[in-house]
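S.K.: Quick note on numbering: the working numbering labels position 50 of the sequence shown as 157, and the sequence is numbered without any gaps. I have a structure I would like to understand better, so I am pasting it below and will then ask my questions one at a time.
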Amino acid sequence: NEGSSAFVAEVHQAGIFLLKDIPEEQMGQILGAYCPNVLFPYAREVVSDIVTRGSFPQLLLAPVNFDQAYLQSQQEQADGTEQA
108 NEGSSAFVAE VHQAGIFLLK DIPEEQMGQI LGAYCPNVLF PYAREVVSDI VTRGSFPQLL
168 LAPVNFDQAY LQSQQEQADG TEQA
């Protein structure tokens, strides 16, 4: 059927990171890029495993460049601030 989904796979994931002696100005980069870079491969594996166990063809999520995504979001915030 058009508009219906073959399957829905959700993954809720969290990480506990001990961050010591990180300068405040680097904290955004750590939380917005480094931590997701560490966690995402595990979520990617879980999605692939869940889908395969459900007898669907293998699904591999594309890698995500969280460093680039973080820099882009920072640039968009800066552009929004300049326009205001």
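The beta-carbon is built from N, C-alpha and C at its ideal position, and this holds for glycine as well.
Just how far apart, CA to CA, sit D193 and Y149?
M.R.: This structure cannot settle anything about residue 193, because the visible part of the chain is limited to 108 through 191.
S.K.: Tell whether a beta-carbon distance below 8 Å holds between D186 and A140.
M.R.: Not in contact: D186 and A140 (Cβ atoms no closer than 8 Å).
S.K.: Contact defined as beta carbons within less than 8 Å: I believe A121 pairs with F163. What is the distance between those atoms, to the nearest angstrom?
M.R.: About 26 Å; that fails the 8 Å criterion.
S.K.: At what residue ranges does the stretch 134 to 159 contain a whole run of the beta strand (DSSP E), taking only runs of 3 or more?
M.R.: As far as the stretch 134 to 159 is concerned, it has no whole beta strand (DSSP E) run of at least 3 residues.
S.K.: Identify, in the order they occur along the chain, each residue of the same chain with its Cβ nearer than 6 Å to the Cβ of P143, setting aside the five sequence neighbours on each side.
M.R.: Here the set comprises F173.
S.K.: Might you give, ordered along the chain, the residues of its own chain that have their beta carbon closer than 7 Å to the beta carbon of Q181, omitting 5 neighbours on each side?
M.R.: Cβ within range, chain order: n/a, list empty.
S.K.: Just how far apart, CA to CA, sit L168 and G110?
M.R.: C-alpha separation (whole angstroms): 21 Å.
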